[in-house]
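Here the structure comes first, spelled out in structure tokens, and everything after it is commentary.
In this note's numbering, the protein residues as written are 3 to 246.
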């Protein structure tokens with residue numbers, strides 16, 4: 003039997019979602035907690051592989067188990083009692099044996115948060131950038147991206163993927179007081195893609211790149227032409243969609 007698990011986490015203390023040698027990961031913590039409670043080795047497969055320091059308000063994973071979980075709510079409570087305060091489990095439910103948390107996801111949505119006023123609160127979940135930015139131009143860049151599919155220019159160079167195509171549904175900025183929020187939704191994302199997009203858009207908002215430059219960067223398919231990746235602490239995976 004296959005189960006889906008919904009969780010959220012603050013990524014500050016972790017080296018990303020995926021298990022890796024000699025580094026703490028969200029996947030490792032959840033697998034250990036599940037294995038302890040269910041009294042057998044459990045391996046989970048996540049919907050998205052967030053990088054070190056990146057957060058998730060909504061993340062999903064699936065795992066297989068030979069027996070029926072009689073009380074998913076009780077399991078959720080047990081896991082939350084074991085796990086670190088940086089990880090929360092929200093629900094566990096039975097799905098079809100063919101379900102795959104990564105490949106069956108219809109979309110992902112991320113938000114990148116920039117604080118333009120120094121504050122001792124929220125610094126672990128936002129990026130402090132004081133300089134004034136032209137959001138109108140940055141939003142035009144977001145509209146421009148919807149005309150393209152290949153975003154190799156925003157992908158980490160050493161990544162094992164079959165295609166660099168991503169269908170972006172929307173990409174826009176909004177201002178809430180001294181906070182800038184970048185919203186982006188697509189069917190899939192490449193490694194480091196959102197942080198590279200934000201870093202390049204900052205160059206546009208600061209007047210160092212034009213919209214024509216931005217378009218040429220996309221066409222070039224060259225990561226060296228795009229802007230630097232902004233810090234991970236401002237990025238949060240906020241939504242993963244499925245057709246249940």
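Positions of the beta carbon are idealized from the N, C-alpha and C atoms, including for glycine. Here the structure is a predicted model, which means the values were calculated and not measured.
ask   = Is it a yes or a no for the stretch 150 to 158 touching the stretch 203 to 214, going by three-plus beta-carbon pairs under 8 Å?
value = Because the criterion of three Cβ pairs below 8 Å is not met, the stretch 150 to 158 and the stretch 203 to 214 do not touch.
message = Within the continuous alpha helix (DSSP H) that includes residue 96, where are the two ends?
response = On the chain shown, position 94 is the one that residue 96 refers to. Counting along the chain, residue 96 falls outside any alpha helix (DSSP H), though it belongs to the beta strand (DSSP E) covering 89 to 97.
ask   = Rounded to the nearest angstrom, how far is the Cβ of residue 113 from that of residue 129, given a contact under 8 Å?
value = For the purposes of this step, residue 113 is identified with residue 111 of the chain shown, where counting begins at 1. For the purposes of this step, residue 129 is identified with residue 127 of the chain shown, where counting begins at 1. Incorrect: roughly 12 Å between the Cβ atoms, too far for contact.
task = For residue 87, I'd like the list of residues in its chain whose CB is within less than 6 Å of its CB, leaving aside the five on either flank, ordered along the chain.
result = In the chain shown, counting from the first residue as 1, residue 87 sits at position 85. Contacts found: none.
query = Quick one: does the C-beta of residue 31 sit closer than 8 Å to a heavy atom of the ligand PLP?
reply = The ligand PLP is not part of the structure shown, which contains no ligands of any sort.
query = Quick one, are the C-beta atoms of residue 61 and residue 242 less than 9 Å apart?
reply = The residue given as residue 61 occupies position 59 in the chain shown. The residue given as residue 242 occupies position 240 in the chain shown. Yes, Cβ-Cβ distance for residue 61 and residue 242 is below 9 Å.
message = Which same chain residues end up closer than 8 Å to residue 63 when comparing Cβ atoms and leaving out the 5 residues on each side of it in sequence?
response = For the purposes of this step, residue 63 is taken as residue 61 along the chain shown, with counting starting at 1. The residues 6, 7, 9, 29, 32, 46, 47, 48, 49, 103, in chain order, have a CB closer than 8 Å to that of residue 63 in the same chain once the five nearest residues on each side in sequence are set aside.
query = With a cut-off of 8 Å, do at least 3 Cβ pairs link the stretch 129 to 141 to the stretch 75 to 83?
reply = As far as the Cβ criterion goes, the stretch 129 to 141 does not touch the stretch 75 to 83, which means the pair count is below three.
task = Grab me the residues of residue 1's own chain with a C-beta within less than 7 Å of its C-beta, minus the 5 sequence neighbours each way, in chain order.
result = The structure shown has nothing for residue 1, since the chain only spans 3 to 246.
query = How is the beta strand (DSSP E) around residue 182 delimited, first residue to last?
reply = Position 180 of the chain shown, counted from the start, is the residue given in the question as residue 182. Its beta strand (DSSP E) spans residues 181 to 188.
message = With H, G and I counted as helix, E and B as strand and the rest as coil, what does DSSP make of residue 46?
response = The residue given as residue 46 occupies position 44 in the chain shown. In the displayed model, residue 46 falls within coil according to three-state DSSP, outside both helix and strand.
query = For the beta strand (DSSP E) that contains residue 26, what are its first and last residues?
reply = Indexing the chain shown from 1 puts residue 26 at position 24. Premise fails: residue 26 is in no beta strand (DSSP E) and is neither H nor E.
ask   = Do you know offhand how far residue 85's Cα is from residue 210's?
value = For this step, residue 85 is matched to residue 83 along the chain shown. For this step, residue 210 is matched to residue 208 along the chain shown. Between residue 85 and residue 210, the C-alpha separation is close to 45 Å.
message = Just to confirm the assignment: which complete beta strand (DSSP E) runs, minimum length 3, are found wholly within the stretch 86 to 165?
response = The qualifying runs are 89 to 97, 109 to 117.
Environment of residue 53 [buried if 16+ CB atoms lie within 10 Å] = As a working mapping, residue 53 is identified with position 51 in the chain shown. Residue 53 should be labelled buried.
message = With a threshold of 8 Å on Cβ separation, who are the neighbours of residue 51 within its own chain once the five nearest residues in sequence on each side are excluded?
response = Against the chain shown, residue 51 aligns to sequence position 49. Scanning its chain for C-beta atoms nearer than 8 Å, with the 5 sequence neighbours on each side dropped, one finds around residue 51 the residues 18, 19, 20, 193, in chain order.
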